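The structure under discussion appears below in the form of structure tokens.
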């Protein structure tokens, strides 16, 4: 397969889909639909000759900067931009972090369908954007917190109830700090995480010490032991899933390990009662 030809064909196809009038270009008499090559080059701020060569598969490998400008000029979606990078450079584009403050109704329905498994959706800065009833009852009632306080790290280092619920707080704290550092790079959110780390370091000497250790931890799956104020010790295994099309979000699902634990959780969740301080 000749990627340069596929790349050129992709550019031609996307160029043909654009309406000249919507960009201020006269429709006039055009041999083919869409923008002319020189019009795309103008929008991308590159040489018309260079753009023509790229479409013809003889321009050589373009730089990431050129591809970003072409993506802007062609009004590509994020998925189209990623596909263009794979064709043009053989790799995906550098990750760009976009702050999110909500999830789609469809994703919320997925969480709600997990009636006895606590599940949350979090950002690379570990802000909790969405959760289900089981998570509110067994982990933290995020709905009672202001949005700015729905952060796993803030809760771990400043909330006495959350801290007391951990079977081994020190190990959990080290794990989440290392996970935060890893997520910062993976999602292109280093600047945002650095600001959060600065705030947490001022608030908690324990966080500052762990952050300065520069540990990196994977957080795909693992075990969690919680001392719940109403149903006692519960052991959960968790798995982390990528949210398709959203590099800025991850879904974490906690499942009870033992059938007896699952029965206790199901009975508690079925009551649907919340109480201050429950974690």
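Numbering (this note's numbering), first residue to last: 1016 to 1294. The C-beta atom is built at its ideal place from N, Cα and C for all residues, glycine as well. Since we're looking at a predicted model, the values are computed, not measured.
- Given a length threshold of 3 residues, each whole run of the beta strand (DSSP E) inside the segment 1242 to 1282 is given here in chain order: 1247 to 1258 and 1261 to 1271.
- Residues 1056 of the same chain have their beta carbon placed closer than 8 Å to that of residue 1062, with the five preceding and five following residues left out of the count.
- Cβ-Cβ separation between residue 1149 and residue 1129: approximately 7 Å, consistent with a contact (criterion under 8 Å).
- For residue 1146, the uninterrupted beta strand (DSSP E) run begins and ends at 1143 to 1146, by DSSP.
- In this structure, DSSP gives residue 1135 an extended state, which the three-state scheme calls strand.
- About 11 Å separates the beta carbon of residue 1095 from that of residue 1108, a gap too long to meet the 8 Å contact definition.
- Following the DSSP letters along the chain, one finds residue 1071 in no alpha helix (DSSP H), marked with neither H nor E.
- Sixteen is the threshold: when 16 or more other Cβ atoms of the shown chains lie within 10 Å of the Cβ of residue 1054, as they do, the residue is buried.
- Using a Cβ distance threshold of 8 Å, residue 1208 and residue 1199 count as a contacting pair.
- Restricted to the segment 1078 to 1117, the alpha helix (DSSP H) segments that are unbroken, complete and at least 4 residues in length are 1079 to 1088 and 1093 to 1104, listed in chain order.
- In the three-state reduction of the DSSP assignment, residue 1034 falls in the coil class, being assigned neither a helical nor a strand state.
- Residue burial annotation: residue 1064 is exposed, with fewer than 16 other C-beta atoms found within 10 angstroms of its C-beta.
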